[in-house]
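Numbering-wise (the working numbering), the sequence shown opens with residue 31 and increments by one.
Note that beta-carbon positions come from the ideal geometry of N, C-alpha and C, so glycine has one too.
Small disclaimer: the values here were computed from a predicted structure and weren't measured.
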Amino acid sequence: MDRFNINNIQSELINLCGLLRADKDYFIPNWLREVGIKEMLNRKIIICGSSSREEIRTLAKNSNVVAIVDDHLAKKQDWIFGIPLITTSEWIDRAKKDKSIISCILVTTLRATRHFWRQCVQHDLNYITPIQFINIMDRLSIRGTTEGLMFRYGIDYFKYVLDHIDELMPESNSFVDAYSKQSFLSMLMYRMTLNPEYLEPMAVGRGRYYDYNTYLFEKTYLTLTDNEIYVDAGAYTGDSIEAFLYSVRGKFKHIYSFEPDFLNNEEIVKRIAGLQQHYIDPPKC
């Protein structure tokens, strides 16, 4: 049975929303219910993953974060945000010795989610998933800025979908093809769970570019010419610019890049410099 077919996703959405309406604490883990939500702020917390930095800052400001797990970064540096970096094995050792430690999974990719979740279940750790995290923060009246991905697309989207699910679900019928309907419903389910598994059916691309974040220049949907003008408002470090250049094979009319962060702009210049011998003239800074 295809878990992600339209009927199954619709059933999952209806069932989940029913459970959430019946129990406002549905996404609060049982072990945390027993001790009280506020107790979380008094426990030692180890954050799994270093990419959700705004969420990390907010949690560290309001609780006792003792370490951050990142196998890659831990090889290069000892600290991040003044918090010690540790490896997965170090995390497991500490959490098994001290059962009061809370492991907070703050990652968005499917691979990282599966890695940390598997370790938590295998070693019987007290852990919190991203959707549990944003609900707990909301219950504790702790709000971050709109910079964090989970904060930006988290509790407000979650509440909106829950309150309007009866209006949103029929909107899937406005799409002509089954794939688009499935994608729309999968995105609603993702908003309700922050589980990246629901984004898998929407993955596109080929080879190492097969991902659910590769729609921007996916040729299944777009026909690109040699005379394109590309405007990137919020270019970050130039990753989308690079993807555009690959897609048009360096043949385009103009690229306009806007990025307010000075350090990010430096990264854009470095990225473009590495590509210019293949695709473009030297950048004008």
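Problem set entry | Length of the line joining the Cα atoms of Phe-205 and Lys-211 | 6 Å
Problem set entry | Status (buried if at least 16 other CB within 10 Å, exposed otherwise) for Ile-116 | buried
Exercise. In its own chain, which residues sit with a C-beta less than 7 Å from the C-beta of Lys-126, not counting the 5 before and 5 after it?
Worked result: His-153
Problem set entry | Beta-bridge partners of Ala-97, as assigned by DSSP | Ile-76
Problem set entry | Coarse secondary structure for Asn-257, derived from DSSP in three states | coil
Exercise. For the candidate residues Asp-128, Thr-255, Phe-188, whose alpha-carbon lies nearest to that of Ser-277?
Worked result: Thr-255
For this session: Please confirm if Gly-79 has its CB atom under 7 Å from at least one CB of chain B.
Result: Here there is only one protein chain, and chain B is not present.
Exercise. Is it right to say Lys-300 is buried, meaning 16 or more other beta carbons lie within 10 angstroms of its own, or is it exposed?
Worked result: exposed
Problem set entry | Contacts around Tyr-228, its chain only, beta-carbon distance under 6 Å, and the 5 residues preceding and following it disregarded | Ser-216, Met-219, Tyr-220
For this session: Identify the continuous beta strand (DSSP E) that holds His-284 and give its terminal residues.
Result: 284-288
For this session: Just grab the DSSP bridge partners of Leu-115 for me.
Result: Ile-98
For this session: Name the residue from Gln-306, Ile-86, Leu-192 whose alpha carbon lies nearest to the alpha carbon of Ile-172.
Result: Ile-86
For this session: Let me know the secondary structure DSSP gives Asp-207 once reduced to three states.
Result: coil
Exercise. Shortest alpha-carbon distance to Asn-35 belongs to which of Ser-213, Lys-106, His-284?
Worked result: Ser-213
Exercise. Does the beta-carbon of Gln-149 have 16 or more other beta-carbons within 10 angstroms, so that it is buried, or is it exposed?
Worked result: buried
Problem set entry | Beta-carbon contacts of Asp-108 that lie in its chain and below 8 Å, excluding the five residues immediately before and after | Pro-114, Leu-115
Exercise. Can you find at least 3 beta carbon pairs, one from the stretch 80-96 and one from the stretch 187-195, that sit closer than 8 Å?
Worked result: no
Problem set entry | Neighbourhood of Asn-92 by C-beta, 7 Å cutoff - its chain only, sequence neighbours within 5 removed | Leu-71, Ile-172
Exercise. Are Asn-137 and Gly-79 close, meaning C-beta to C-beta below 7 Å?
Worked result: For clarity, residue 137 is Val in the given sequence; the question names Asn instead. Yes, the Cβ-Cβ distance between Val-137 and Gly-79 is below 7 Å.
Exercise. Where does the unbroken beta strand (DSSP E) through Ser-270 begin, and where does it stop?
Worked result: First-last for Ser-270: 269-278, but that is the alpha helix (DSSP H), not the beta strand (DSSP E).
Exercise. Leaving out the 5 sequence neighbours to the left and right, which residues in its chain are closer than 7 Å to Ile-110 when beta-carbon positions are compared?
Worked result: Ser-80, Ile-98, Leu-103
Exercise. Would the beta-carbon of Glu-289 fall within 7 Å of that of Ala-265?
Worked result: yes
For this session: Kindly indicate the opening and closing residues of the alpha helix (DSSP H) around Ser-171.
Result: Here Ser-171 belongs to no alpha helix (DSSP H), and DSSP marks it neither H nor E.
Exercise. For Met-232, which option in Tyr-209, Thr-253, Met-222 has the closest C-alpha, if you only look at C-alpha atoms?
Worked result: Tyr-209
Exercise. Between which two residues does the beta strand (DSSP E) harbouring Ile-158 extend?
Worked result: 156-158
Exercise. Between Cys-134 and Ile-77, which are expected to be in contact by the criterion C-beta below 8 Å, what is the C-beta distance as a whole number of angstroms?
Worked result: 5 Å
For this session: Pick helix, strand or coil for Asp-196, following the three-state DSSP scheme.
Result: helix
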